[in-house]
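Top line first, the protein sequences correspond to chains A and B.
Counting from 180, one number per residue, gives the positions in the first sequence under the numbering used here.
Counting from 180, one number per residue, gives the positions in the second sequence under the numbering used here.
C-beta atoms are modelled at their ideal positions from N, C-alpha and C, and glycine is treated no differently.
This structure is a prediction, so every number in the text was calculated from the model and none was measured.
2 protein chains.
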Amino acid sequence: MSEKRTEIKAFGEFRLIEHLTSSFKPGNPGTRLGIGDDAAVIEAGDKYFLSSSDFLIENIHFDLTYFPLQHLGYKAVAVNVSDIAAMNGIPRQILVNLAISNRFSVESLEVLYQGIKAACDNYKVDLAGGDTTASPTGLSLCITAIGEADKKDITTRANAREHEIVCATGDLGGAYLGLQVLEREKEVFLSNQQMQPKLEGYDYLVKRQLKPEARMDIIYELQEMKVIPTSMIDISDGLASDILQLSKASKKGFRIFEEQLPIDKKTYETAVEFKLDPTTCVLNGGEDYELLFTIRQDDYEKLKGHPDIHFIGHVQKLEEGNQLITKSGNPVTLKAQGWQNFQ
Amino acid sequence: MSEKRTEIKAFGEFRLIEHLTSSFKPGNPGTRLGIGDDAAVIEAGDKYFLSSSDFLIENIHFDLTYFPLQHLGYKAVAVNVSDIAAMNGIPRQILVNLAISNRFSVESLEVLYQGIKAACDNYKVDLAGGDTTASPTGLSLCITAIGEADKKDITTRANAREHEIVCATGDLGGAYLGLQVLEREKEVFLSNQQMQPKLEGYDYLVKRQLKPEARMDIIYELQEMKVIPTSMIDISDGLASDILQLSKASKKGFRIFEEQLPIDKKTYETAVEFKLDPTTCVLNGGEDYELLFTIRQDDYEKLKGHPDIHFIGHVQKLEEGNQLITKSGNPVTLKAQGWQNFQ
């Protein structure tokens with residue numbers, strides 16, 4: 180090992196992966212797309228196969244003091260299905276790798292698997308393999324999702340073109356504020372174990388955090404409407420961070436408008452209650468698992484009445500950069516502030 | 180959560196997975212084979228697509244006091260490639276999921292990725308995705324291997340037939356004894372940190388533990404010789420345990436002969452040095468990542484001169500059970516004693 184020591188946090192997740200994998204070059208003709216998109220894309224006759232995997236690690240990605248195991252199982256599947264959705268693909272199988280310490284009983288794992296099964300049933304995904312092993316401490320889940328897409332349908336991060344329209348589904352910032360509410364109630368509980376957590380009125384936000392859904396409904400609707408997005412990513416790290424990913428892959432700039440950003444009333448009110456700027460929560464909250472995509476102007480007519488698709492901006496030249504135009508008309512340069520687990 | 184508490188160790192890994200997944204039924208027509216083989220098998224036009232994933236967790240599967248990070252990276256890829264080999268498939272891509280604590284520097288991860296790259300180069304596999312995340316403690320790797328097989332070539336665990344010949348590649352028990360040597364030297368070092376580990380003379384065994392190879396060479400040779408095994412598994416949990424997996428899936432019994440078991444001279448000598456029964460090391464050692472397969476009698480002529488394929492027994496009726504015939508001619512019922520990480 181070299182004597183020099185560079186701390187991981189000096190890099191951040193994206194740069195670290197880039198740094199570590201820069202010397203790898205795909206050699207198999209079937210590897211259509213490797214690192215740098217939501218899923219790997221592999222030639223499979225007249226289709227593409229898609230594969231993506233994600234870790235969920237106790238006390239990094241979830242806190243079991245308030246995260247029910249059934250929801251955890253569901254979320255672990257949903258976030259991987261979301262990666263397949265982000266390629267405009269259809270999920271088909273998952274592999275579930277589970278590492279658990281002796282702290283967990285068979286009964287608690289049954290509850291976790293009930294959540295996994297509920298998600299498999301909902302997304303029509305087959306559990307097709309995996310591994311269960313011991314862990315020195317805590318619980319880790321690593322799920323691989325496998326899906327497919329017709330060659331004409333596949334959507335990467337790379338093909339946004341100037342003047343196209345930027346779309347976001349659902350509403351943003353809710354999962355982040357749900358986490359703030361859960362963390363606040365945990366602190367209250369830890370300081371006085373007689374206190375019961377007060378989650379009434381925050382149901383929507385808590386659900387956004389504990390039971391996010393992959394937007395497969397949108398993918399199926401887009402296919403019915405014959406709209407193929409030109410670029411797409413799921414909003415897992417935060418809108419700003421994910422726009423910068425589309426920008427980087429497509430080599431285009433993005434201009435989005437604060438007044439067009441979708442935010443739920445409860446998200447807005449709770450941000451104010453927590454003395455947080457609601458727009459910052461929308462831009463940097465993360466974990467909403469909504470879809471961010473670009474469409475050709477021609478496709479706008481097909482989508483414009485959709486209650487859950489919001490038109491938040493447009494694509495511009497790379498040299499024009501990535502900005503948010505505030506409600507007062509000022510441009511603010513977009514910065515990635517997503518999750519920084521290494522801090 | 181239920182009030183009843185059943186300890187995980189009361190089940191053991193295989194029964195636990197069966198128990199947790201018994202209610203899952205594949206629903207997609209493309210899911211050809213799910214849980215219960217070395218890899219998931221998915222329809223892909225005129226081929227099958229294979230996918231398998233495995234966890235490697237610090238202080239469960241490896242000890243970094245003697246496991247060099249470069250070898251760890253190599254082994255993590257090799258053990259997943261071995262699962263694809265065990266389906267008579269060709270590996271094409273891997274996804275690497277890495278969880279690391281702040282203890283690790285960027286330089287140490289570079290060394291880990293050098294090992295991953297060496298294995299990718301050796302097995303002609305593309306790094307096609309993955310995730311890097313923080314971990315509260317230690318290092319975990321979860322690698323997914325993706326491969327393919329022609330439909331005529333695919334070999335599951337399920338089709339061994341009576342009177343067929345049981346084959347094992349390489350030699351067995353070495354990885355287990357390598358681990359014993361490394362653990363002994365670690366104890367010596369911990370009790371007196373002036374002592375340097377004495378690994379001279381044990382190079383072969385240490386290499387079997389630290390740098391196992393997936394037997395893709397055998398897979399390519401079988402294809403050249405036009406031999407398609409009737410059933411196959413990689414020897415990761417121990418020969419006895421893996422024979423019982425073939426027996427269960429094929430619904431046949433297996434009879435193997437102690438005098439035919441492949442054991443390296445150094446493995447034998449070191450077993451004796453450690454006061455272990457060499458045959459027990461071969462049967463239960465695990466982690467050799469050799470291949471165990473069955474062939475039709477007609478194929479014996481093609482393989483009989485092969486220096487690295489050993490004919491260790493034959494397939495019999497299920498009712499006849501699974502036995503080892505000792506050198507003195509006594510039948511001993513085979514029992515699975517592989518790795519029991521939950522103890």
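Taking CB distances under 8 Å as the criterion, tell me whether residue i reaches chain A.
{"i": "Phe368 of chain B", "result": "no"}
{"i": "Gly213 of chain B", "result": "yes"}
{"i": "Thr316 of chain B", "result": "yes"}
{"i": "Asp310 of chain B", "result": "yes"}
{"i": "Ala257 of chain B", "result": "no"}
{"i": "Leu397 of chain B", "result": "It is Ile, not Leu, that sits at residue 397 of chain B in the sequence shown. So no, Ile397 of chain B is outside the interface."}
Under 9 Å Cβ-Cβ, which residues of chain A neighbour residue i?
{"i": "Arg271 of chain B", "result": "Asn207, Gly209, Thr210 and Ile221"}
{"i": "Tyr355 of chain B", "result": "Near Tyr355 of chain B there are no residues of chain A at all, since even the closest Cβ is about 18 Å away, more than 9 Å."}
{"i": "Arg184 of chain B", "result": "Ser284, Val285, Glu286 and Ser287"}
{"i": "Leu195 of chain B", "result": "Val285, Leu288 and Thr311"}
Run down chain B in chain order and give the residues with a C-beta less than 8 Å from the C-beta of residue i.
{"i": "Phe283 of chain A", "result": "Ile187"}
{"i": "Cys299 of chain A", "result": "Phe203"}
{"i": "Asn276 of chain A", "result": "Ser232, Asp233, Phe234 and Cys321"}
{"i": "Lys303 of chain A", "result": "Gly206 and Asn207"}
{"i": "Ile442 of chain A", "result": "None at all; the shortest Cβ gap to chain B is about 28 Å."}
Please name the residue or residues paired with residue i in a DSSP beta bridge.
{"i": "Tyr227 of chain B", "result": "B:Glu222 and B:Ala328"}
{"i": "Arg434 of chain B", "result": "B:His493 and B:Gln502"}
{"i": "Glu469 of chain A", "result": "A:Ile414"}
{"i": "Ser319 of chain A", "result": "A:Ile236 and A:Ala278"}
{"i": "Phe241 of chain B", "result": "B:Glu237"}
{"i": "Gln272 of chain A", "result": "A:Asp305 and A:Ile325"}
{"i": "Cys346 of chain B", "result": "B:Phe472 and B:Phe490"}
{"i": "Ala313 of chain A", "result": "A:Ile279"}
For residue i, does the count of other Cβ atoms within 10 angstroms reach 16, so buried, or fall short, so exposed?
{"i": "Gln439 of chain A", "result": "exposed"}
{"i": "Gly517 of chain B", "result": "Any reading at Gly517 of chain B is ruled out, since the residue's pLDDT is 48, under 50, leaving its predicted position unreliable."}
{"i": "Ser370 of chain A", "result": "exposed"}
{"i": "Asn509 of chain A", "result": "exposed"}
{"i": "Ala265 of chain B", "result": "buried"}
{"i": "Thr449 of chain A", "result": "buried"}
{"i": "Ser319 of chain B", "result": "buried"}
{"i": "Glu366 of chain A", "result": "exposed"}
{"i": "Asp413 of chain A", "result": "buried"}
{"i": "Tyr399 of chain B", "result": "exposed"}
{"i": "Lys330 of chain A", "result": "exposed"}
Using a Cβ-Cβ distance under 8 Å, would residue i count as near chain B?
{"i": "Lys296 of chain A", "result": "yes"}
{"i": "Arg387 of chain A", "result": "no"}
{"i": "Ser319 of chain A", "result": "yes"}
{"i": "Leu306 of chain A", "result": "yes"}
{"i": "Thr446 of chain A", "result": "no"}
{"i": "Ser232 of chain A", "result": "yes"}
{"i": "Asn523 of chain A", "result": "Not covered by the structure: residue 523 of chain A. The range shown for chain A is 180 to 522."}
{"i": "Asn238 of chain A", "result": "yes"}
{"i": "Ile279 of chain A", "result": "yes"}
{"i": "Ile325 of chain A", "result": "yes"}
Shortest alpha-carbon distance to residue i belongs to which of the options?
{"i": "Asp217 of chain A", "options": "A:Gly206, A:Asn207 and A:Ser230", "result": "A:Ser230"}
{"i": "Ser287 of chain B", "options": "B:Leu243, B:Leu274, B:Asp305 and B:Gly492", "result": "B:Leu243"}
{"i": "Thr323 of chain B", "options": "A:Met374, A:Cys299, A:Glu480 and A:Gly308", "result": "A:Gly308"}
{"i": "Val290 of chain A", "options": "A:Glu343, A:Pro247 and A:Leu423", "result": "A:Pro247"}
{"i": "Lys427 of chain A", "options": "A:Gly353, A:Lys514 and A:Tyr302", "result": "A:Lys514"}
{"i": "Lys303 of chain A", "options": "B:Gly206, B:Tyr479, B:Gln402 and B:Asp478", "result": "B:Gly206"}
{"i": "Glu192 of chain B", "options": "B:Gln424, B:Thr505, B:Leu274 and B:Phe453", "result": "B:Gln424"}
{"i": "Leu351 of chain B", "options": "B:Val511, B:Glu182, B:Asp487 and B:Thr512", "result": "B:Asp487"}
{"i": "Asp416 of chain A", "options": "A:Tyr292, A:Lys183, A:Leu462 and A:Gln359", "result": "A:Leu462"}
{"i": "Asp421 of chain B", "options": "B:Phe472, B:Ala393 and B:Asp382", "result": "B:Phe472"}
{"i": "Ile295 of chain B", "options": "B:Ser507, B:Arg184, B:Ala278 and B:Leu274", "result": "B:Leu274"}
{"i": "Gln388 of chain B", "options": "B:Met411, B:Gln373 and B:Glu469", "result": "B:Glu469"}
{"i": "Lys227 of chain A", "options": "A:Asp413, A:Glu362 and A:Ala328", "result": "It is worth fixing the name first, because residue 227 of chain A is Tyr in this sequence and not Lys. It is A:Ala328."}
{"i": "His250 of chain B", "options": "B:Asn259, B:Gln293 and B:Thr210", "result": "B:Gln293"}
{"i": "Gln476 of chain B", "options": "B:Gly492, B:Glu498, B:Gly465 and B:Glu466", "result": "B:Gly492"}
{"i": "Glu498 of chain A", "options": "A:Gly326, A:Glu197, A:Glu341 and A:Asp467", "result": "A:Glu341"}
{"i": "Ser280 of chain B", "options": "B:Thr311, B:Lys330 and B:Leu361", "result": "B:Thr311"}
Quick one: which chain B residues come within Cβ less than 9 Å of residue i?
{"i": "Lys330 of chain A", "result": "Near Lys330 of chain A there are no residues of chain B at all, since even the closest Cβ is about 12 Å away, more than 9 Å."}
{"i": "Gly160 of chain A", "result": "What is shown of chain A runs 180 to 522, which leaves residue 160 of chain A out entirely."}
Give the interface partners of residue i over in chain B, defined as CB-CB distance under 7 Å, in chain order.
{"i": "Leu199 of chain A", "result": "Leu288, Glu289 and Tyr292"}
{"i": "Phe190 of chain A", "result": "Val285"}
Please confirm if residue i has its CB atom under 8 Å from at least one CB of chain E.
{"i": "Ala218 of chain A", "result": "The structure shown contains no chain E; its protein chains are A and B."}
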